[in-house]
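Structure first, commentary second.
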Amino acid sequence: MAKYDYCYFQDDDWLNLYMDSLYTNFLENPNLIHSNSMPVIYLESRRWMFANADKNLHTGFTWLGCGSFVSRAKVQRFLGQLGSISLIKDRLKLADRYFSLWTNQYPYQLSNPLTPLDQKDGWGVDQWNMVYNNILDATQKLYTALAVKSNSEFFAREEEKPYYNDRIIRAPCLNDKCLFLTNIDPFPHPSRVYYANNITHVRDQESKFNKLDFPSKFFWNNYAYHYAVDSDEKTCWNSFKIPKIGDYFGLQFIEPRFPKKITVISSRDFDASFYIRVSSGGNRWRTCNITSSNNTDHKNRNTFEFDCSNTVKNRQLIRFIRIEASRDFLEPFEICSLILDELNV
Numbered sequence: 001m002a003k004y005d006y007c008y009f010q011d012d013d014w015l016n017l018y019m020d021s022l023y024t025n026f027l028e029n030p031n032l033i034h035s036n037s038m039p040v041i042y043l044e045s046r047r048w049m050f051a052n053a054d055k056n057l058h059t060g061f062t063w064l065g066c067g068s069f070v071s072r073a074k075v076q077r078f079l080g081q082l083g084s085i086s087l088i089k090d091r092l093k094l095a096d097r098y099f100s101l102w103t104n105q106y107p108y109q110l111s112n113p114l115t116p117l118d119q120k121d122g123w124g125v126d127q128w129n130m131v132y133n134n135i136l137d138a139t140q141k142l143y144t145a146l147a148v149k150s151n152s153e154f155f156a157r158e159e160e161k162p163y164y165n166d167r168i169i170r171a172p173c174l175n176d177k178c179l180f181l182t183n184i185d186p187f188p189h190p191s192r193v194y195y196a197n198n199i200t201h202v203r204d205q206e207s208k209f210n211k212l213d214f215p216s217k218f219f220w221n222n223y224a225y226h227y228a229v230d231s232d233e234k235t236c237w238n239s240f241k242i243p244k245i246g247d248y249f250g251l252q253f254i255e256p257r258f259p260k261k262i263t264v265i266s267s268r269d270f271d272a273s274f275y276i277r278v279s280s281g282g283n284r285w286r287t288c289n290i291t292s293s294n295n296t297d298h299k300n301r302n303t304f305e306f307d308c309s310n311t312v313k314n315r316q317l318i319r320f321i322r323i324e325a326s327r328d329f330l331e332p333f334e335i336c337s338l339i340l341d342e343l344n345v
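Taken in order, the sequence shown gives residues 1 to 345; the numbers are from the UniProt record's numbering.
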């Protein structure tokens, strides 16, 4: 049995360059599975979610092997689940495909590129079919277990916090010194697709999400979250949805800072209709005094100088900053880079 309360999983075909970022987000909510996901897989996994409020079903799939932190308690519960629901030998070899789904929680995934390591055997069509089959089988077995009125503690029935709508951390910065955050989620809530254990293939579930206002693969390949913090002004995150007053984007720092200036670079002209808010823990936000706002000759580049000394007593405790819309916008945000003081993320 594992000695420590938490475990880290990593396959040998990927190199995780964002360990500090993933670990930082994990520390905030260690009860959940925290994973890195390639943007294209992140897009797919947002369709590999299953919800049914009547059955207390609220779960999703994530690839553990791309880098994941998991609590020992969830691993222990999974061993109990395997003891109560028998898997045939071939499926037992792929038990990691069942793990995230059988937690009956939406995993907390960060969307970011991964660095592949040279491996002889790549993924083929047959292997992807196995993944689909395992996801469907795991979900069907979970649904059946939840449908039985029982005092069994093998499968959790309560959704753990933070709830899906309350999660704002989206992607690690390229330098692994911060994380990009926003409350604007381009994907529909998983509860909008009602899972009734009546599909024959995971693609049926995917098609139901596709009928909603779901970002296309082309859109996500070009405007995913990490493009706001990849130190490249030629690539941009697009919010997909049109921001309203109170919507925001920003950063969580790996190490606390006391910032005084931030430059927001967009691909479009936009005015400085924002507040600057900071927080030590991500729960209580305080408004800083903007002392200067300047977009110089470039209307797509806004620099805010601000003073937080009147709202933050301890200068070492600022761990979050967000740029919050002070009005309704007419088109989506398109943020290409953020420069915090002299740090370009």
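Built from N, CA and C at the ideal position, the CB exists for glycine as well.
Keep in mind that this is a model prediction, so the values were computed, not measured.
Between the segment 230 to 238 and the segment 141 to 159 there are fewer than three inter-stretch CB-CB distances shorter than 8 Å, so the stretches are not counted as touching. When Cβ pairs closer than 8 Å are counted between the two stretches, the segment 9 to 19 is seen not to touch the segment 79 to 94, the count staying below three.
Its chain contains Leu174 as the residues whose beta carbon lies nearer than 7 Å to that of aspartate 230, once the 5 sequence neighbours on both sides are disregarded; these appear in chain order. Close CB contacts of arginine 322 within its chain, under the 6 Å cut and outside five residues either way in sequence, are with Tyr248, Gly250, Arg277 (chain order).
Closest in alpha carbon position to lysine 260, among Leu343, Asn36, Ser267, Phe333, is Leu343. Secondary structure note for lysine 208: it is in no beta strand (DSSP E), and the uninterrupted alpha helix (DSSP H) holding it is 202 to 210. Three or more Cβ pairs closer than 8 Å define a contact, and the segment 103 to 112 meets that threshold against the segment 49 to 68. Judged by DSSP in its simplified three-state form, histidine 189 adopts coil rather than helix or strand. Nearest neighbour of isoleucine 41 by Cα position, chosen from Asn300, Tyr143, Ser216, turns out to be Ser216.
Judged by DSSP secondary structure, glutamate 44 falls within the alpha helix (DSSP H) whose first and last residues are 39 to 45. Looking from the CA of serine 35, the closest CA among Ile169, Leu94, Ala95 belongs to Ile169. Comparing alpha-carbon positions, the option among Glu206, Leu43, Val70, Asn112 lying closest to tyrosine 132 turns out to be Glu206. DSSP, reduced to helix, strand and coil, places arginine 77 within a helical segment of the structure shown. Around the beta carbon of phenylalanine 218, a 10 Å sphere encloses fewer than 16 other beta carbons of the protein chains shown; the residue is thus reported as exposed. Excluding its 5 nearest sequence neighbours in each direction, lysine 244 has C-beta neighbours in its own chain below 8 Å: Ala325, Asp328, Phe329, listed in chain order.
With a threshold of 16 other beta carbon atoms within 10 Å, leucine 179 meets it and is buried. Residue environment for lysine 211: exposed (fewer than 16 other C-beta atoms within 10 angstroms of its C-beta). Beta-bridge partners of tyrosine 223 (DSSP): none assigned. Check the Cα spacing between leucine 32 and each of Asn294, Lys299, Pro162, Val148: the tightest is with Pro162.
Only residues of its own chain outside the window of five on either side were considered, and among them Phe99, Trp102 have a CB closer than 7 Å to the CB of phenylalanine 78, listed in chain order. Within the same chain, and ignoring the five residues on either side of glutamate 305 in sequence, the residues whose Cβ sits closer than 6 Å to its Cβ are Lys261, Thr291, Ser292.
Between the segment 63 to 83 and the segment 3 to 13, the count of C-beta pairs closer than 8 Å reaches three or more; the two stretches touch. Cα atoms of serine 45 and leucine 142: separation of roughly 18 Å, rounded to the nearest angstrom. Asparagine 112 is positioned such that its CB atom lies closer than 9 Å to that of methionine 38.
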